[in-house]
Amino acid sequence: MAYDLEFEKPLAELERKIMSLQRKGDRLKPDEHRQLQEAERELRRRSEEIYKNLSSWETVQVARHKDRPYSLDYINLMCEDFFELHGDRSFSDDHAIVAGPAKLGDEHVMLVCHQKGRDMKEKQFRNLGMPHPEGYRKAGRLMQQAEKFGFPVICLIDTPGAFLGLGDEERGQSEAIAANLYLMSRLQVPIIAVVIGEGGSGGALAIGVADRILMLEHSIYTVAMPEASASILWRDKVFAPQAAEAMRISAKELKAIDLIDELIPEPLGGAHHNFSLTADNLKAALLINLAELQMLPVDELLERRYQKFRNIGKFGIAPESLSTAY
Amino acid sequence: MAKEAADPPTTTSSNTPAKSGLPSGNLVVKCTKCKEILIVREWEKNLKVCTRCNFHFKLTAYERIELLVDPESFVELDADIVSVDPLHFVSRTKDEVQAYSSKLDDESKKVGLNEAVVVGHAMIEQLPLSLAIMDFRFIGGSMGSAVGEKITRAIEFGLEKCMPVLIASASGGARMQEGLYSLMQMAKTSAALAKLGEAKIPYFSLLTDPTTGGVTASFAMLGDVILAEPGALVCFTGPRVIEQFMHVKPPEINSEFVLQHGMIDAVVHRRDLRQTLARLMQLFTPGIVQRNSQEFAQQIGESDGLRPGI
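Just so you know, the protein sequences line up as chains A and B, in that order.
Residue numbers for the first sequence follow this note's numbering, beginning at 1 and rising by one.
Residue numbers for the second sequence follow this note's numbering, beginning at 1001 and rising by one.
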């Protein structure tokens, strides 16, 4: 069933009605035929209405939808000749990050992406899309390789966050993320980052320091997942919906405050309703942005990237300083 | 990324004056770790380190500055930068509704600081440096736009004046109330450090209790040399978040743990920090430091734009 989220209940009902009518096929009576058409129209109208006004928490649910396309789905639909490269050359290979060179249109690019899994087994294999330090080190290694060979870097972001285990602390999760922020801020090739689902915390930013930050229409990008924020702010993750609303984490809200550069439209009802249409939109946005970035000389590219992040933040100037206590 | 609330050191009365040598009212303080009762005067003389178990109490930003730099050499910059409430964030719980903007007011009044970091320049053993010292008391030392901006300015000041940069971290991580703005401060500060690195100017990172979340995963772990005070909580994920999500109680992830796992260079007792930093500055910047200390001494004499903080 295409509509299975809590807020999609009215849509699911309409869909059930349509399906039961459709099953009759040729045996539809004239008034049933009219009912079917009406129901279809109504479904379209209602879903447009619902999807136009998604709250942040509803967007979270779409961004996490079990059928939502993941990085490899897009890569297969957009790119030719993707050659996956493995390992951080130091500890292991992390399956929550897939990376390697590919052809996107006529461009040779380096893809560095989070990868989630769909069924139980794959979820485990991909560690729910939550990378370990070695995943970020693989990402860093391949970004340096992209710089060496002059490939632009394309990062698809889709993670609830970096993994939070004891082993990750032992192997330096913080250092692995910080090192990527440092590296990406001066990498001498264009970088485009696209949040395709969940952009969670430092684990997302670790492949997100880019010249352009794009987001799919129903994706989210946040300083911490709503559950984690709720637990930090109010000591209980049941307040996740409130945290989501308060932090304004949906792509639309982030575009409205200019924290991201561009929204990429999704099909009605979310990316999972039409993989190939979403992939086409994504590819088109990537190619346009790539063409623009490749016009810039390296010095200017890096200075603009620096200024982009340098200027993020809202602060005020106090009329008088309080800190004279010393 | 976590803003962990840690227990403040238990004093017998709530308001110890930040500095004055004389204890006002409370004569004893209980060690957070070993529960030993300590005489305040001795405890302060021992730099707020427990005389019995060596537990390092948290310091305020100004206490740490006094501890680290040459007397009267600190000049505070950008003290007037304050947080705003870009998301109009309101915290609604069963018991109370509080806007972030009013929380900011409360915190400044309570703590007597504009923000969770104090920045400026100073001398250590007559060698100049740019420094950013975090203060955990202000919303758990969390990093929002204002903290990110002040730290970035401190790095850029070092870059411009060609002097080493020291950042002392004490933070629960990113500030939730500023949402994605906070996350992006990690990229902003790291990008500034990358520029500093290109100019081959050394950056020293000092981790103090606690250094967690987005602060650890950005500038704190990017030092050319990373030092930590003994027993400081140093981690990516705070223990409370690990516990709630992994349903296990994690072991102590502290300075000694990260040293053992190769993430930092040294654990240094509070009383040795100043000396250690002076040695490092001399070792890392033979050229820059000597040239600078003379030039800079002149500059300070001439400059009227800089406001002396002491």
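Ideal placement from N, C-alpha and C gives every residue a C-beta, glycine not left out.
Check your understanding: The alpha helix (DSSP H) spanning lysine 1110 (chain B) covers which residue range?
Key -> 1100–1111
Check your understanding: Helix or strand or just coil, what does DSSP make of aspartate 168 (chain A)?
Key -> helix
Check your understanding: Looking only at DSSP bridge pairs, what is isoleucine 1037 (chain B) linked to?
Key -> B:Lys1030
**Study point:** Residue range of the unbroken alpha helix (DSSP H) whose run includes threonine 278 (chain A)
**Key:** 275–294
Check your understanding: Using 8 Å as the limit for Cβ to Cβ distance, is glutamate 1107 (chain B) near chain A?
Key -> no
Review point. Going straight from the alpha carbon of tryptophan 1043 (chain B) to that of valine 1111 (chain B), what length do you get?
Key: 22 Å
Check your understanding: Over what stretch of residues does the beta strand (DSSP E) that includes histidine 33 (chain A) continue unbroken?
Key -> Histidine 33 (chain A) -> not in any beta strand (DSSP E); alpha helix (DSSP H) instead, spanning 30–52.
Check your understanding: Looking at chain A, which residues of the segment 1089–1123 of chain B have a Cβ within less than 8 Å of any of its Cβ atoms?
Key -> Phe1089, Val1090, Ser1091, Arg1092, Thr1093, Ser1108, Gly1112, Leu1113, Asn1114, Val1118
Review point. Since glutamine 173 (chain A) meets chain B, which of its residues come closer than 9 Å, beta carbon to beta carbon?
Key: Thr1216, Ala1217, Cys1235, Phe1236, Thr1237
Point to revise | CB contact flag (leucine 282 (chain A), isoleucine 264 (chain A), <8 Å) | key: yes
Review point. Would you say aspartate 1080 (chain B) reaches chain A, if we count a Cβ-Cβ gap shorter than 8 Å as a contact?
Key: yes
**Study point:** Assigned secondary structure, serine 1091 (chain B) (DSSP; H/G/I helix, E/B strand, else coil)
**Key:** strand
Practice item. Taking a Cβ distance cut-off of 8 Å, strictly less, list which residues of the segment 1180–1195 of chain B are near chain A, in chain order. Key: Leu1180, Tyr1181, Ser1182, Leu1183, Met1184, Gln1185, Met1186, Ala1187, Lys1188, Ser1190, Ala1191, Ala1192, Leu1193, Ala1194, Lys1195
Check your understanding: Start and end of the beta strand (DSSP E) containing arginine 23 (chain A)?
Key -> Per DSSP, arginine 23 (chain A) belongs to no beta strand (DSSP E); it is in the alpha helix (DSSP H), 9–23.
Check your understanding: DSSP puts tyrosine 1203 (chain B) in a beta bridge; with which residues?
Key -> B:Val1165
Review point. Taking three-plus beta-carbon pairs below 8 Å as touching, is the segment 267–277 of chain A in contact with the segment 1177–1196 of chain B?
Key: no
Practice item. Leaving out five residues on either side along the sequence, give the residues of the same chain with a beta carbon under 7 Å from the beta carbon of lysine 103 (chain A). Key: Cys79, Glu80, Asp81
Practice item. Using three-state DSSP, classify valine 1123 (chain B) as helix, strand or coil. Key: The sequence as given places methionine at residue 1123 (chain B); valine does not occur at that position. In this structure, methionine 1123 (chain B) counts as strand in the three-state DSSP scheme.
Exercise for review: Can you tell me which of A:Phe149, A:Glu13, A:Tyr70 puts its alpha carbon nearest to the alpha carbon of glycine 117 (chain A)?
Suggested key: A:Tyr70
Point to revise | DSSP state of tyrosine 70 (chain A) mapped onto helix, strand, coil | key: coil
**Study point:** Same chain, Cβ closer than 8 Å to arginine 46 (chain A), neighbours up to 5 away in sequence not counted
**Key:** Pro10, Leu11, Leu14
Practice item. Quick one: list the residues of chain A neighbouring leucine 1166 (chain B), beta-carbon separation under 8 Å, in chain order. Key: Within chain A, no residue comes near leucine 1166 (chain B); the closest Cβ sits about 17 Å away, beyond 8 Å.
Review point. Of all Cβ atoms in chain B, is any one closer than 8 Å to the Cβ of glycine 197 (chain A)?
Key: no
Practice item. Excluding the 5 residues preceding and the 5 following isoleucine 1133 (chain B) in the sequence, name in chain order all residues of the same chain whose CB lies nearer than 6 Å to its CB. Key: Ala1061, Arg1064, Ile1065, Val1118, Ala1168
Practice item. Measure the alpha-carbon distance for proline 319 (chain A) versus histidine 1088 (chain B) and round it to whole angstroms. Key: 21 Å
Practice item. Check the Cβ of alanine 178 (chain A) against every Cβ in chain B and list those closer than 7 Å, keeping chain order. Key: Ser1190, Ala1217, Ser1218, Met1221, Leu1222
Point to revise | Contact set between serine 1083 (chain B) and chain A, taken where Cβ atoms lie within less than 9 Å | key: Lys314, Phe315, Gly316
Practice item. In angstroms with no decimal places, state the Cα-to-Cα distance between isoleucine 1081 (chain B) and alanine 243 (chain A). Key: 27 Å
Review point. Can a CB atom of chain A be found closer than 8 Å to the CB of serine 1145 (chain B)?
Key: yes
Review point. Within the 8 Å Cβ cut-off, does glutamate 1042 (chain B) reach chain A?
Key: no
Review point. Quick one: is isoleucine 207 (chain A) near chain C, going by C-beta distance under 8 Å?
Key: Protein chains A and B are contained in the structure displayed, whereas chain C is not.
Check your understanding: Using a C-beta cutoff of 8 Å, does phenylalanine 337 (chain A) count as contacting chain B?
Key -> Since the first residue of chain A shown is 1 and the last is 326, residue 337 (chain A) is not available in this structure.
Check your understanding: From lysine 1109 (chain B) to valine 1147 (chain B), what distance separates their C-alpha atoms?
Key -> 17 Å
Exercise for review: With a cut-off of 8 Å on the beta carbons, I'd call serine 1190 (chain B) and tyrosine 182 (chain A) a contact; round off their distance for me.
Suggested key: 5 Å
Exercise for review: Kindly indicate which three-state DSSP category proline 241 (chain A) falls into: helix, strand or coil?
Suggested key: helix
Practice item. Give the straight-line distance between the Cα atoms of phenylalanine 1219 (chain B) and glutamate 40 (chain A), rounded to the nearest whole angstrom. Key: 54 Å
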